[in-house]
Amino acid sequence: MTERSTLLSLSRRRLLITTSVAATALLVATAGFTPAQSADGNGGEITFLIDSLGDTWIPNNSAISSFQGHIWGHVTDKLLYVDADGKVSPWIAEKWEQNDTATEFTLQLKSGVTFSDGTALDASAVVANLDIWYAGRKSEGINPIGLFPKTYDHAEAVDATTVKVFFKAPTLGFIPTLGYHGSILISPKTLAQPAAQQADLSKTSGSGPYVVDSWKEGDFVKLVKRKDYNWGPAAVGHTGPAYLDTITYKLVSEPSLRVAAVQSGQADVAYNASPQELESLKAEGFTTATPRYLGFVNGWAVNTKLAPYDDVKVRQALQAGINRQEIIDTVYTPDWKLATSFIQSNVPGATDQSALLAYNPDKAEKLLDEAGWVKGADGIRTKNGQPLVLTLHSNPYLATSKSVDELIAQQLGKIGWKVAIRAYDVVTFGQKVKYGGPAVPAYEVTRSFIDAGTVASILTNANNGENWFALDESDKTLNELRDKIASAGSIESRKPLLDELQKYILDQGYFIPRTQIVQRIYVQSPKLKGEVYNGVAYASYYTATKSE
46 MTERSTLLSL SRRRLLITTS VAATALLVAT AGFTPAQSAD GNGGEITFLI
96 DSLGDTWIPN NSAISSFQGH IWGHVTDKLL YVDADGKVSP WIAEKWEQND
146 TATEFTLQLK SGVTFSDGTA LDASAVVANL DIWYAGRKSE GINPIGLFPK
196 TYDHAEAVDA TTVKVFFKAP TLGFIPTLGY HGSILISPKT LAQPAAQQAD
246 LSKTSGSGPY VVDSWKEGDF VKLVKRKDYN WGPAAVGHTG PAYLDTITYK
296 LVSEPSLRVA AVQSGQADVA YNASPQELES LKAEGFTTAT PRYLGFVNGW
346 AVNTKLAPYD DVKVRQALQA GINRQEIIDT VYTPDWKLAT SFIQSNVPGA
396 TDQSALLAYN PDKAEKLLDE AGWVKGADGI RTKNGQPLVL TLHSNPYLAT
446 SKSVDELIAQ QLGKIGWKVA IRAYDVVTFG QKVKYGGPAV PAYEVTRSFI
496 DAGTVASILT NANNGENWFA LDESDKTLNE LRDKIASAGS IESRKPLLDE
546 LQKYILDQGY FIPRTQIVQR IYVQSPKLKG EVYNGVAYAS YYTATKSE
């Protein structure tokens, strides 16, 4: 079955390539983007084809987007760099210290760093950024950064290159969160602008290796390198100006056309190709990448206020009734990995809870029997005249989400569930589908974070947390684990608590993992080399070169 669908997919792609290369070439050429070559590997231009450019460029609101985040990663810097394994290293902050209780931190900044508007990236600029990451300006439509520590109190500029940061409670996650993709450094002049002006990308100033040359809403963004840039993160092996002269992000909504353009040499990178195409593209000599980000696996946060998911046995049956290996074998490729927790396995602090995620339909059937759900002649279970129903809302940010939902619907159907699938576009999904919403039994999560310690606080409603499971303060065990993790003064003392948290949430069926997440898929010309993938799986072309 898997092989046949793959062959059908490839046949369709080859047909599209044959019939659409000329159209794609025209599309790229008419936008004024002709891929440039460079004999020595330095200089040159690249075109990156992407499926969306989002609906706002307000930095706080768009920095964490899977789409706009690519651009922000090139026009802005961060205080710290976090690699794909969660390792933290210096960037704009050269060194840092914390007190014994992790409530006070001191950052020492590089000197001589400037934003593209000429403003110094000094201690006062960092304080302005920390303040808006924490609070935003909600009345103006400028959001806080969701995973920035909610225990933040204030920050002070001690001198031009020294910042002291104060928290109301121990906050071990502060340092790694400075490398989170939402924590981008923006000029204070930009931050002072109202939201309408911040939404104009041409008026936003960062300190990154590229600046915005031109852009058109819903069409393209063209970046040119800053020739005076000299403060890149040492961890990527380069600190001076970027090698490539320009990077252009061009919107092409059809994935096969994006891939065809790279194959024909009209573009250099295609974002979000079909997983089933990757092996054949590799065989053709193209570079493919499926980096995993640091964060949650792809799965569901279960609404415990909505019957029958207020019953732990029903949630546990849901956990045991999903064949996760079949998802990888059918929808994905061996590049995808089985979930071993509700946290990606490359996150420091993640532990292997595979035993709690084993496919066991007999166990699922027994749990549903015990919970009073009786299977009828049609195979659907009922209780008190009501069918056992699960409505899934396929995540529009993950191209494969609906295919996974359809397969899981088949798996759960065998043990008595009636599964309905609804698919919305990005805007409608954002309006209708919420954590703990009255009509949403299971909210699909694709969410990155840098430090596992931030997890406990967002799962409940403490400190304005997101209350993923609609538990409020009703689960004392979860609340105690949350508070112990939050008050931990060291990474070592926090490790066993994180392990216990992972076991508890999975055993209670609060979170139902599907697979480890690969949200960003890249297909790239073999002429382009040297890109680097950071801790949230964005490709940086700051270190990349392009040859003949």
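Per this note's numbering, the sequence shown starts with residue 46, numbered consecutively.
A virtual CB, placed ideally from N, CA and C, is assigned to each residue, including glycine.
Check your understanding: Thinking C-alpha only, which one of 189, 159, 311, 127 is nearest residue 232?
Key -> Out of 189, 159, 311, 127, 159 has the C-alpha closest to the C-alpha of residue 232.
Practice item. Just the C-alpha distance for residue 558 and residue 584, rounded to the nearest angstrom, thanks. Key: Distance between the alpha carbons of residue 558 and residue 584 is about 26 Å.
Check your understanding: DSSP beta-bridge partners for residue 149?
Key -> When beta bridges are read from the DSSP output, residue 149 appears opposite 211.
Check your understanding: Taking the alpha-carbon positions, what's the residue 405 to residue 364 distance?
Key -> Roughly 9 Å separates the two Cα atoms.
Review point. In chain order, which beta strand (DSSP E) runs of at least 3 residues are fully inside the region 331 to 378?
Key: 332 to 334, 343 to 347, all fully within the region 331 to 378.
Review point. Are residue 314 and residue 143 close, meaning C-beta to C-beta below 7 Å?
Key: Remark: C-beta atoms of residue 314 and residue 143 do not approach each other more closely than 7 Å.
Check your understanding: What do you reckon, are the CB atoms on residue 463 and residue 486 nearer than 7 Å?
Key -> It is not a contact, given that the beta carbons lie outside the stated cut-off.
Check your understanding: Can the beta-carbon of residue 509 be found closer than 7 Å to that of residue 195?
Key -> Residue 195 is positioned such that its CB atom lies closer than 7 Å to that of residue 509.
Check your understanding: Roughly how many whole angstroms lie between the Cα atoms of residue 346 and residue 493?
Key -> Going by the C-alpha atoms only, they are around 15 Å apart.
Practice item. Could you say if the region 295 to 311 and the region 91 to 111 meet the contact criterion of at least three C-beta pairs nearer than 8 Å? Key: Contact between the region 295 to 311 and the region 91 to 111 is present, because at least three Cβ pairs lie under 8 Å.
Check your understanding: Does the count of Cβ pairs from the region 546 to 561 and the region 378 to 398 closer than 8 Å reach three?
Key -> Judged by Cβ distances under 8 Å, the region 546 to 561 makes contact with the region 378 to 398, as three or more pairs qualify.
Review point. Quick one: what does DSSP say residue 562 is sitting in, helix, strand or coil?
Key: For residue 562, the three-state secondary structure derived from DSSP is coil.
Practice item. Scan the region 486 to 516 and note each continuous beta strand (DSSP E) run of 3 residues or more that stays entirely inside, going in chain order. Key: Entirely contained in the region 486 to 516, the beta strand (DSSP E) runs reaching 3 residues are, in chain order, 487 to 490.
Exercise for review: Verify whether the separation of the beta carbon atoms of residue 491 and residue 381 is less than 7 Å.
Suggested key: No, the Cβ-Cβ distance between residue 491 and residue 381 is not below 7 Å.
Check your understanding: Can you tell which of 586, 240, 325, 361 has its C-alpha closest to the C-alpha of residue 185?
Key -> Cα-wise, what sits closest to residue 185 is 240.
Review point. Which of the three DSSP states, helix, strand or coil, is assigned to residue 104?
Key: Residue state, collapsed to three classes: helix.
Exercise for review: May I ask you to verify whether the region 167 to 174 touches the region 207 to 227, counting CB pairs closer than 8 Å and requiring at least 3?
Suggested key: As far as the Cβ criterion goes, the region 167 to 174 touches the region 207 to 227, which means the pair count is three or higher.
Check your understanding: Which residues in the same chain as residue 274 place their Cβ atom closer than 6 Å to its Cβ, once the five residues preceding and following it in sequence are excluded?
Key -> In its chain, beyond the 5 residues on either side, 254, 286 have a beta carbon closer than 6 Å to the beta carbon of residue 274.
Check your understanding: With a CB to CB cut of under 6 Å and the five nearest residues on each side skipped, what residues in its chain are close to residue 175?
Key -> Excluding sequence neighbours, residue 175 sits near 200.
Point to revise | Cα-Cα separation, residue 110 to residue 519 | key: Spanning the two alpha carbons is a distance of roughly 32 Å.
Review point. Going by beta carbon distance, what residues of the same chain come within less than 7 Å of residue 269, once the five residues before and after it are set aside?
Key: If we look at residue 269 and ignore the five residues flanking it on each side, its Cβ neighbours are 255, 256, 258, 290, 291.
Exercise for review: Would you kindly report the start and end of the unbroken alpha helix (DSSP H) that includes residue 241?
Suggested key: Unbroken alpha helix (DSSP H) run through residue 241: 240 to 243.
Review point. My guess is that residue 228 and residue 276 are in contact by the Cβ rule of under 8 Å, so how many angstroms apart are they, rounded?
Key: Contact between residue 228 and residue 276 is absent: CB atoms are separated by about 16 Å, not below the 8 Å threshold.
Point to revise | Three-state class that DSSP yields for residue 524 in the structure shown | key: In the structure shown, the three-state DSSP call for residue 524 is helix.
Exercise for review: On a CA-only basis, which of 120, 453, 131, 514 is nearest residue 479? Give me that one, please.
Suggested key: It is 514 whose Cα lies nearest to the Cα of residue 479.
Check your understanding: Taking residue 332 as the reference, which of 411, 322, 420 has the closest Cα?
Key -> The shortest CA-to-CA distance from residue 332 to any of 411, 322, 420 is the one to 322.
Practice item. Would you mind listing the beta strand (DSSP E) stretches within the region 388 to 432 that are 3+ residues and don't spill past its ends, in chain order? Key: Every beta strand (DSSP E) of 3 residues or more that sits fully in the region 388 to 432 is shown, in chain order, as 426 to 428.
Practice item. Give the range of the alpha helix (DSSP H) segment to which residue 451 is assigned. Key: Under the DSSP assignment, residue 451 falls in the alpha helix (DSSP H) whose first and last residues are 446 to 458.
Exercise for review: Note down the Cα distance separating residue 543 from residue 395, rounded to an integer number of angstroms.
Suggested key: Whole-angstrom Cα-Cα distance: 8 Å.
Review point. Between which two residues does the beta strand (DSSP E) containing residue 93 stretch?
Key: Per DSSP, residue 93 belongs to the beta strand (DSSP E) from 90 to 95.
**Study point:** Bridge partner(s) assigned by DSSP for residue 251
**Key:** 231, per the DSSP bridge assignment.
Point to revise | residue 580 vs residue 230 beta-carbon contact at 7 Å | key: No, they are not a contact pair.
Review point. If we count the other Cβ atoms within 10 Å of its Cβ and call it buried at 16 or more, is residue 455 buried or exposed?
Key: Around the CB of residue 455, fewer than 16 other CB atoms lie within 10 Å, so the residue is classed as exposed.
Review point. Measuring CA to CA, which of 593, 587, 392, 242 is closest to residue 281?
Key: Checked all of 593, 587, 392, 242; the closest Cα to residue 281 is 587.
Practice item. Using 10 angstroms around the beta-carbon of residue 84, count the other beta-carbons present and answer buried if the total reaches 16, otherwise exposed. Key: For residue 84, the predicted model reports a pLDDT of 41, less than 50, meaning its position is unreliable and no value from the coordinates is stated.
Practice item. Report the three-state DSSP secondary structure of residue 467 (helix, strand or coil). Key: Strand, per DSSP.
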